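Take a look at the structure below.
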Amino acid sequence: MRWIRNHKLISFLILVIVVCSVILISSVATMGKSNPVSKAINSVCMTVLKPVNAVTNGVGETLSDIIHFKDIAEENDALREENEQLKEQLAKATLTSNELTELKNLTDALNYKGLAESGKMVTGDIISMSDSRWMNNFTINIGSDDGVKEGNIVVSGRGLVGTVYSVSGSWAKVRALVDENSKVSFKIAGNMQLIGIIDSFANGELSGFMLDSNAKVEKGDTLITSGMGVYPTGLEIGRITKVKYDSDSQLQKVTVKSTVDFSALQKVTVII
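Per this note's numbering, residue 4 is the first one in the sequence shown, and the count goes up by one each step.
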């Protein structure tokens, strides 16, 4: 009896086997016919086996749930990976779209007067810039290997950008129009007799003056390069946002918003 108490599970399984054996022997002896003895044995057997069936069914359901959970987890992992791939594809598509837009804008530079006789043009990417908000000076990924030289004019699809001031084999440095050392002579589009000088940059705008203090200029007038100095004629500089006569210098001062958005510039064209 002590052994049975210490081995309850094994004892229970032996009991089940014995009962099943008795049912089998009884069924064979009676040729499958029902009698009070077999009914009683079947009843006892069903009572004994009921908890076993419950445990077995519970284990089966648990295993099924585990397998189902594993399938869901694997499906979620697959969906997560697919989502990341779609995000990456979208980012690449957006980048490509932006680059195509920038390249389209660059083709507008071909419409400027004076560029045809200026020679060949080569386009490059901006790879570094100065530490200021506005790109007074920046570096591009084309250089002497591509035919770029010091003094070459740099434009974008919008207008005048600046000039090349330093060159290596695979890169070149550009001094932008917004740099304090940059000066450019301009004309008023529509009245080529009106000439002035852009000589400074502050608060996101260019400023300069008219050579003729009586020149009739207005807000909204478009400024283009005059052809005097290093820049060819016809490159768009910007539009006048303010006109003011300075009695101290006796000059008519103009404030100009550059056509080029230097804070968002990514690609430029060098006129070789």
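Yeah, the Cβ is synthetic: ideal placement off N, Cα and C, and Gly gets one too.
Since this is a predicted model, take the numbers as computed values, not measurements.
With a cut-off of 8 Å on the beta carbons, I'd call residue i and residue j a contact; round off their distance for me.
i    : j    : result
N155 : T166 : 7 Å
M124 : V273 : 7 Å
Q253 : S216 : 6 Å
M213 : L197 : 7 Å
S173 : G146 : 5 Å
I191 : D224 : 5 Å
Can you give me the start and stop residues for the beta strand (DSSP E) that residue i sits inside?
i    : result
S131 : 124 to 132
T228 : 225 to 228
K186 : From DSSP, K186 is part of no beta strand (DSSP E); its letter is neither H nor E.
L197 : 194 to 205
A267 : Run containing A267: none; DSSP gives neither H nor E here.
E208 : 208 to 213
R161 : Neither: R161 is in no beta strand (DSSP E) and is coded neither H nor E.
I143 : 140 to 143
Quick one: does the C-beta of residue i sit closer than 7 Å to a heavy atom of the ligand GDP?
i    : result
V167 : Judged by which ligands are present, the structure shown has none, so any question about the ligand GDP falls away.
Residues in its own chain within less than 8 Å of residue i by CB, not counting five upstream and five downstream?
i    : result
I17  : none
N114 : Low per-residue confidence applies at N114: pLDDT is 45, beneath 50, and the placement is therefore not dependable, though the value from the model is reported in the following sentence. There are no such residues.
I75  : none
V233 : G154, I156, T166
R83  : none
D128 : I143, N144, Q269, K270
Y248 : S216, L254, Q255, K256
In the DSSP output, what is residue i paired with across the bridge?
i    : result
Q253 : According to DSSP, Q253 bridges with nothing at all.
K219 : Looking at the DSSP assignment, K219 forms no beta bridge with any residue, so it has no partner.
G165 : V157, A179
G241 : L226, S261
Can you find the residues in the same chain that come closer than 7 Å, C-beta to C-beta, to residue i, ignoring five residues on each side of it along the sequence?
i    : result
K260 : E208, G241, R242, T244
F265 : W137, M138, A179, V181
CB-CB under 6 Å to residue i, same chain, minus the five flanking residues each way: which ones, in chain order?
i    : result
S171 : G146
F141 : I129, M132, V177
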